[in-house]
Structure formats: C-alpha cells, structure tokens
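>
Numbering (the numbering used here), first residue to last: 31 to 372.
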C-alpha cells in the first residue's frame with residue numbers, strides 16, 4: 031500500500047505482527063499505523079473513527095489532533111483548530127465517550143515550560159457534525175504553574191469529567207453542567223510519584239511523573255489512577271470523590287491501594303471489567319481484574335512505551351507507542367497496535 035506524508039506525519043497500514051500466548055489465552059498483536067511524529071493519545075468512536083493527538087513537546091509539531099483516514103492523518107476538526115496561535119496549543123489526550131462525543135484535553139503547557147494563560151481546557155466535539163459543542167476552562171485554583179493535565183475520563187450519566195494532573199499530582203473533577211471544577215487529593219500520596227526513575231531494557235530513565243493514567247470502572251462506581259513513576263494502582267469510589275460534604279482529610283480515607291502493577295501510563299477498562307495498561311519496564315501490556323488477577327497480555331521489544339489505550343466497536347483494544355524513554359536518535363516510527371483474540 032502506498033504511503034503519503036501529511037503535515038510531516040507518515041501513516042502506514044500494516045499487517046499481523048505477532049501472536050503471544052499468556053495464561054492459556056491467545057492474543058494477536060497487529061500493527062495498524064505508524065507515524066514520524068510523536069503521538070500519545072488515541073480515541074476510537076462508535077463508528078470506528080480513529081483519532082490521535084501529538085503533544086507540543088518540541089517546536090516541530092505540525093498538528094495537535096488528527097483523524098486517521100486511509101493512509102492519511104487529517105487535522106481535526108480543521109486546520110484552524112490546529113494553529114497554536116488561535117487553537118490547540120499542547121494537547122495531551124483524546125477520549126471518546128459512550129455518547130460518541132470526542133473530548134480533547136489541552137494542557138496549555140507546551141514543552142513543559144509552564145502553564146500559559148488562560149490555563150488548561152477541555153474541548154467537547156460532536157462527531158456527528160464534527161463541530162465544537164463547548165470549551166471548558168478551569169478555575170485558577172485547580173492548577174499550578176507546573177501542572178500538566180494528562181488524561182481524562184467522562185461519566186456521561188453524572189456529567190462529570192475526571193482528569194489527572196501529572197505535573198504536580200492531583201485529581202481534577204469538572205461538572206459538565208455547571209462548569210464547577212475542583213482540585214482533589216493534591217496532598218495525598220496516591221497521586222504522587224513513588225520514585226524518580228524507570229529501568230527499561232537495563233537503561234535508567236530519570237524523571238518524576240505523578241498521577242497519570244486514569245480509568246472509570248464500567249459501572250462508573252470507581253475511579254482508578256496511577257502515577258507514571260509509581261508501582262501501585264489506586265482507586266476511589268466516585269460517590270465519595272463527588273461528595274461535597276467531605277473534607278479533604280475525610281476524602282483521603284476513602285482511597286484504596288488496589289495492587290502493585292509496576293509503572294504504567296494510560297489505561298482503559300473493557301466492558302467485562304478488565305483494566306488494560308502497560309508495564310513500562312517490561313515492554314508489555316497487562317490486564318487487571320479486581321481484586322487481584324493480573325495477567326500479561328502481550329510482551330515484546332516492539333512495545334516501546336505503550337502510552338494510551340482505546341477500544342473499537344467490537345471491543346478490540348488499541349494502543350499507541352511513544353518511546354518516551356528513548357533518545358531522539360534511538361527512536362523509530364511511533365506506532366499503533368491492535369490487540370485481539372487470535
């Protein structure tokens with residue numbers, strides 16, 4: 031199949047890469063696309079449209095949000111939104127909810143040089159019309175100068191957005207009806223990094239990254255989260271997180287340490303209650319089923335920092351690789367893989 035370069039991004043549709051068996055289950059790992067640009071987030075709609083984002087970690091970021099179409103990545107929703115002077119500045123994640131709404135999380139912290147005015151934002155797009163429904167801005171009390179709003183999940187029934195701050199460590203809640211936002215668990219160990227390094231392929235990657243990956247249980251009863259440079263998965267009941275009568279100290283009492291998983295970036299529940307996430311230090315994707323079942327799904331040298339996860343209409347899990355632990359000269363193309371039962 032021919033390839034086409036679009037705004038400096040190379041996309042290639044590829045075939046079956048490998049088949050890996052763990053714990054009596056067979057999973058096929060298929061490479062779907064590759065890019066010359068560093069992507070982090072992936073979001074798949076109910077009609078299997080695939081969206082990706084490219085954070086502005088350098089000056090050479092031609093687009094911030096794109097849609098995969100055949101052999102192209104097309105700026106989404108248009109070129110104007112992808113002009114940092116008037117639109118997206120530094121997008122870290124994208125997410126499609128059960129209502130087929132695309133959410134785009136703006137850190138407004140390009141190249142980690144500090145949050146720019148007017149602060150982070152959350153965009154809500156109607157995929158049926160490819161138009162902006164609303165842009166949410168955050169009160170200045172919910173972020174610090176070195177905050178980095180990292181990932182987002184949506185409760186469509188309660189109309190609440192949950193966001194991690196990986197720059198300083200906190201959970202942000204946003205009422206999608208009123209726009210009220212709160213910064214929670216900002217002083218609790220569960221949102222903080224447990225160490226300041228990772229060891230991947232015997233090489234040390236030194237960094238301190240706080241609460242990063244986030245996921246809502248299928249019944250929306252629990253919010254799960256993990257620090258990137260941490261080893262433990264935590265959760266808290268959403269009814270407690272949203273309880274306005276609890277003090278911060280009382281809220282902290284409801285945090286549960288779930289299990290030791292090893293360092294992870296993004297994560298995602300399927301409808302069966304399996305939580306998919308990376309184990310970054312072992313070049314693998316694992317899945318967790320509460321309370322204590324932990325299983326390796328796929329593992330291999332091609333899994334170079336499994337970053338963000340999404341699922342298609344058939345329930346197949348997709349993830350991006352971002353190679354964050356590697357130097358520029360060590361990196362190859364950034365890839366999207368699909369996990370499916372063989």
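C-beta: ideal position from N, C-alpha, C; glycine also.
Since we're looking at a predicted model, the values are computed, not measured.
Please tell me whether residue 310 and residue 258 are closer than 9 Å, where the distance is taken between their beta carbons.
Position 280 of the chain shown holds residue 310. Position 228 of the chain shown holds residue 258. Yes. Within cutoff.
> With H, G and I counted as helix, E and B as strand and the rest as coil, what does DSSP make of residue 278?
In the chain shown, the residue the question calls residue 278 occupies position 248. In the structure shown, residue 278 sits in a helix (DSSP, three-state: H, G or I).
> Using a Cβ distance threshold of 8 Å, determine whether the region 132-142 contacts the region 176-191, with at least three qualifying pairs required.
The region 132-142, when compared against the region 176-191, does touch it at the 8 Å Cβ threshold.
> If you drop the 5 nearest sequence neighbours on each side, which residues of the same chain put their C-beta closer than 6 Å to that of residue 19?
Outside the shown range of the chain (31 to 372) lies residue 19, about which nothing can therefore be said.
> Considering just the uninterrupted stretch of the beta strand (DSSP E) at residue 233, what are its terminal residues?
Against the chain shown, residue 233 aligns to sequence position 203. First-last of the beta strand (DSSP E) with residue 233: 233-236.
> Would you give the residue range spanned by the beta strand (DSSP E) that residue 212 belongs to?
Taking the chain shown and counting its residues from 1, the one referred to as residue 212 is at position 182. Element bounds for residue 212: 211-214.
> What separation, rounded to the nearest whole angstrom, lies between the Cα atoms of residue 198 and residue 319?
Mapped onto the chain shown, residue 198 falls at position 168. Mapped onto the chain shown, residue 319 falls at position 289. Answer to the nearest angstrom: the Cα atoms are 29 Å apart.
> Three-state secondary structure (DSSP) at residue 143?
Along the chain shown, one-based indexing puts residue 143 at 113. Residue 143: coil per DSSP, three-state reduction.
> Check each candidate in 169, 123, 164, 336 and name the one with the smallest Cα separation from residue 81.
The count along the chain shown starts at 1 and reaches residue 81 at position 51. Here the closest residue by C-alpha is 123.
> Contact check, residue 255 vs residue 305 under 8 Å by CB: the rounded distance?
Indexing the chain shown from 1 puts residue 255 at position 225. Indexing the chain shown from 1 puts residue 305 at position 275. Rounded, the Cβ-Cβ distance is 11 Å, inconsistent with contact.
> Since residue 133 sits in a beta bridge, which residues does DSSP pair it with?
Against the chain shown, residue 133 aligns to sequence position 103. Bridge partners of residue 133: 125, 154.
> Quick one: Cα of residue 166 to Cα of residue 174, how far?
Stepping through the chain shown from its first residue, residue 166 is reached at position 136. Stepping through the chain shown from its first residue, residue 174 is reached at position 144. Answer to the nearest angstrom: the Cα atoms are 17 Å apart.
> Since residue 157 contacts residue 131 with CB under 8 Å, what's their CB separation in whole angstroms?
Working through the chain shown from its first residue, we reach residue 157 at position 127. Working through the chain shown from its first residue, we reach residue 131 at position 101. Residue 157 to residue 131, Cβ: 7 Å. Contact.
> Tell me whether residue 170 sits in a helix, a strand or coil according to DSSP, three-state version.
Start at 1 with the first residue of the chain shown, and residue 170 comes out as number 140. Helix at residue 170.
> Cβ atoms of residue 221 and residue 201: under 9 Å apart, would you say?
The residue you call residue 201 lines up with position 171 of the chain shown. The residue you call residue 221 lines up with position 191 of the chain shown. Contact: yes.
> If distances are taken between C-alpha atoms only, which option among 335, 368, 352 comes closest to residue 346?
Stepping through the chain shown from its first residue, residue 346 is reached at position 316. Of 335, 368, 352, the residue nearest in Cα terms is 368.
> With H, G and I counted as helix, E and B as strand and the rest as coil, what does DSSP make of residue 314?
Within the chain shown, numbered from 1, the residue matching residue 314 stands at position 284. Correct three-state label for residue 314: strand.
> Can you list, in chain order, the residues of its chain with a C-beta nearer than 6 Å to that of residue 290? Leave out the 5 residues immediately preceding and following it.
Position 260 of the chain shown, counted from the first residue, corresponds to residue 290. So the qualifying residues of the chain are 261, 262.
> By DSSP's criteria, residue 257 is part of a beta bridge. Which residues make up the other side?
Walking along the chain shown from the start, residue 257 turns up at place 227. In DSSP, residue 257 forms a bridge with 241.
> Which residue from 244, 316, 64, 280 puts its Cα closest to that of residue 100?
Residue 100 sits at position 70 when you count from the first residue of the chain shown. Minimum Cα distance to residue 100 is reached at 64.
> Can you name the residues that DSSP bridges to residue 95?
The residue given as residue 95 occupies position 65 in the chain shown. DSSP lists 83 as partners of residue 95.
> Could you check which residue in 248, 352, 216 has the C-alpha nearest to that of residue 295?
Here residue 295 corresponds to residue number 265 of the chain shown, with the count starting at 1. For residue 295, the nearest C-alpha among the options comes from 352.
> Looking only at its own chain, which residues have a Cβ that is under 6 Å from the Cβ of residue 350, when we skip the five neighbours before and after it?
Along the chain shown, read from residue 1 onward, the residue named residue 350 stands at position 320. Excluding sequence neighbours, residue 350 sits near 69, 72, 337, 338, 366.
> How big is the Cα-Cα spacing for residue 210 and residue 218?
Looking up residue 210 in the chain shown gives position 180. Looking up residue 218 in the chain shown gives position 188. Cα-Cα distance, rounded: 22 Å.
> What are the complete beta strand (DSSP E) segments, minimum 3 residues, inside the region 300-357?
Entirely contained in the region 300-357, the beta strand (DSSP E) runs reaching 3 residues are, in chain order, 305-309, 314-319, 323-329, 336-341, 347-351.
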